[in-house]
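To start, the structure under review is shown below, and the notes come after it.
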Amino acid sequence: MASEGEPGSQAQGAKTVAGTVPRLYQQVFEIVAGQIVQGVLAEGTRLSESGLAEQFGISRAPARQALCELEREGLLLKSSGRGYRVAKPKDKTFGDGAAVPGSGDEMRLTQLATWARIYGEVESEIAARTSFAGWRVNETELARYYDVSRTVARDVVARLQQRGLVRKDDRSRWIAPAMTPEHVGELYELRWLLEPVALEKAASRLPPELLPKIRERLEAAISSAETLTGPDLDRLEEDLHVTMLGYCENSPMMQAISLPQALLIAHRFLYRWMPRLFGAEPFLPEHLDIVQKLEAGHVTAAADALRRHLQVSRDRAIDRIHRVTQEVHPEDLPYLEKL
Numbered sequence: 176m177a178s179e180g181e182p183g184s185q186a187q188g189a190k191t192v193a194g195t196v197p198r199l200y201q202q203v204f205e206i207v208a209g210q211i212v213q214g215v216l217a218e219g220t221r222l223s224e225s226g227l228a229e230q231f232g233i234s235r236a237p238a239r240q241a242l243c244e245l246e247r248e249g250l251l252l253k254s255s256g257r258g259y260r261v262a263k264p265k266d267k268t269f270g271d272g273a274a275v276p277g278s279g280d281e282m283r284l285t286q287l288a289t290w291a292r293i294y295g296e297v298e299s300e301i302a303a304r305t306s307f308a309g310w311r312v313n314e315t316e317l318a319r320y321y322d323v324s325r326t327v328a329r330d331v332v333a334r335l336q337q338r339g340l341v342r343k344d345d346r347s348r349w350i351a352p353a354m355t356p357e358h359v360g361e362l363y364e365l366r367w368l369l370e371p372v373a374l375e376k377a378a379s380r381l382p383p384e385l386l387p388k389i390r391e392r393l394e395a396a397i398s399s400a401e402t403l404t405g406p407d408l409d410r411l412e413e414d415l416h417v418t419m420l421g422y423c424e425n426s427p428m429m430q431a432i433s434l435p436q437a438l439l440i441a442h443r444f445l446y447r448w449m450p451r452l453f454g455a456e457p458f459l460p461e462h463l464d465i466v467q468k469l470e471a472g473h474v475t476a477a478a479d480a481l482r483r484h485l486q487v488s489r490d491r492a493i494d495r496i497h498r499v500t501q502e503v504h505p506e507d508l509p510y511l512e513k514l
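For the sequence shown, counting from 1, position 130 maps to 305 in this note's numbering; every step adds exactly one.
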């Protein structure tokens, strides 16, 4: 059993797909947001990428993403110089109302194994770029870039393979295939064949409190769709496609499902741009319909609704990728070679 803070440890009753790990930027976001709301960080306090990275013991990429999400939430404002300053706190809670560390407390995120401390960032960076092209992943350059051993880099790549994000080509090179329309279509076809079956198996095992909580989150999201951020949408996707399906208790099936769910990882990057490029997210009412059918005991109807949702999502995903790649241009990374 995983010890507290190690990859694979979860809150009681939580389910996840094998290979998932906490994302550092979300941990930082929750802590800093809580500090702002609770007044630990006063209005006008300046924050920067380098300062946040040093404070939490992480690299600058997750620090940058956390700052961007805090700005989107209205908790930070771009400073007239470099960096950000704390805005007037909103009447809002983060981290389920839990107490947050004070500014003088130890907050370095060192509870994770070495590979896990960089995994979330590597996963995000590679997934973002598969929307633009296919890539070869160079383990040696990955280790050099993050100043870790080749063993750690190999662990990271192995878990990327578990998540379906990379695979070996006929020359035994690690490849992150491009999210072309054909590849996206193949992945979605696998999902609509597998996920409805997993949902039917999971339905009788769902905790009584889970469906009402998910429904309430969806209803709240629909009522305030224009304010949703990328992490908000990411969590709502995981409610159905990861947490609920995880209760099917068929490990081989969940392992098979995890491979086409590389799409969910790519969507995390796409959702970061959703508020600027798109309007209300159409999957919200579709998820709500599935949950309501489950609450009513109509399991077969819920599985059919999930299948239809995934079928219509295919074309939306292809369109989203096309539109985002016209607007966004990620920087080059030394451990990725474009194919």
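All residues carry an ideal CB built from backbone N, CA and C; glycine is no exception.
Predicted model only: the values in this text are computed from it and were never measured.
- The C-beta of Gly209 has 16 or more other C-beta atoms within 10 Å across all chains shown, which makes the residue buried.
- Per DSSP, the unbroken alpha helix (DSSP H) holding Arg239 starts and ends at 235-247.
- Rounded to the nearest whole angstrom, the C-alpha separation of His473 and Gly258 is 51 Å.
- In this structure, the beta-carbon distance from Ala236 to Glu296 falls below 7 Å.
- Counting only runs that start and end inside the stretch 360-408, the alpha helix (DSSP H) elements of at least 4 residues fall at 385-398.
- Taking a cut-off of 8 Å for Cβ pairs, the stretch 405-425 and the stretch 370-382 touch, as three or more such pairs fall below it.
- At the C-beta level, Glu244 and Thr404 come within 7 Å of one another.
- Straight through space, the alpha carbons of Ile397 and Glu391 are spaced by roughly 10 Å.
- Take Leu242, set aside five residues on each side of it, and the residues of its chain with a beta-carbon closer than 7 Å to its own are Leu222, Glu224, Leu227, Leu251, Tyr259, in chain order.
- A Cβ-Cβ contact shorter than 7 Å links Trp310 with Ala351.
- One Cα belongs to Glu248, the other to Glu456, and the distance between them is close to 17 Å.
- In the structure shown, Glu470 adopts helical secondary structure according to DSSP, grouped into three states.
- The DSSP-derived three-state label of Ala353 is coil.
- Beta bridge pairing from DSSP links Glu229 with no other residue.
- A distance below 8 Å between beta-carbons, with the five flanking residues on each side excluded, links Ala217 to the following residues of its chain, in chain order: Val261.
- CA-to-CA, the gap between Val503 and Ser379 works out to about 43 Å.
- DSSP places Val261 inside the beta strand (DSSP E), whose first and last residues are 259-261.
- Under the three-state reduction of DSSP, Val331 is assigned to helix.
- It is roughly 14 Å from the alpha-carbon of Ile301 to the alpha-carbon of Tyr320.
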